[in-house]
Amino acid sequence: MRGRLEALKAELEALSAGSAEGRKPVELDQQTQGGLSRMDAMRAQAMDQATEAKRRAEIRKIDAALARMAADEYGFCTVCGEEIPPKRLGLDPATAGCVQCATAA
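For the sequence shown, the residue numbers in my numbering are 3 to 107.
Quick look at the structure:
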């Protein structure tokens with residue numbers, strides 16, 4: 003699982019680096035783009051920023067899972083302490099909770 007988590011984190015970081023240009027501020031230059039084009043650019047920028055926020059949250063989740071591995075706490079629910087079923091970890095190796103605690107939240 004460690005290798006899978008590290009590969010997923012590397013993939014997310016590469017996507018983040020590749021989309022950095024789209025998250026930059028939109029310049030106000032009426033000579034190169036009209037008002038509608040600028041609005042489209044701002045909308046695209048907002049979507050890129052939202053996607054980046056989701057990527058960062060997933061990276062934090064992966065980092066937490068790697069920290070649990072280092073502390074020999076991986077595979078156990080952070081809420082109730084019960085073992086997380088291997089099938090659930092197979093679907094989401096960064097998950098921190100069992101199904102019961104996840105649905106209760």
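The beta carbon of each residue, even a glycine, is placed where N, CA and C say it ideally should be.
If you're wondering where the values come from, they're calculated on a predicted model, not measured in any experiment.
Could you give the C-beta distance for residue i and residue j, rounded to a whole number, given that I count them as a contact under 8 Å?
i: L14; j: R57; result: 5 Å
i: S21; j: D50; result: 6 Å
i: M71; j: R6; result: Wrong, their Cβ atoms sit about 11 Å apart, outside the cutoff.
i: K63; j: A16; result: About 17 Å; that fails the 8 Å criterion.
Need the endpoints of the alpha helix (DSSP H) that residue i sits in, please.
i: G20; result: R4 to G20
i: P95; result: It is not in any alpha helix (DSSP H) - P95 carries neither H nor E in the DSSP assignment.
Nearest to residue i by alpha carbon, out of the options?
i: E75; options: R62, A98 and E60; result: A98
i: T80; options: G92, V101 and K89; result: V101
i: C82; options: I64, A104 and A66; result: A104
i: G92; options: G77, E84 and A106; result: G77
i: M44; options: E60, E23 and I61; result: E23
Evaluate residue i with the Cβ neighbour count: other Cβ atoms within 10 Å of its Cβ, from every protein chain shown; 16 or more gives buried, anything less gives exposed.
i: A106; result: exposed
i: A67; result: buried
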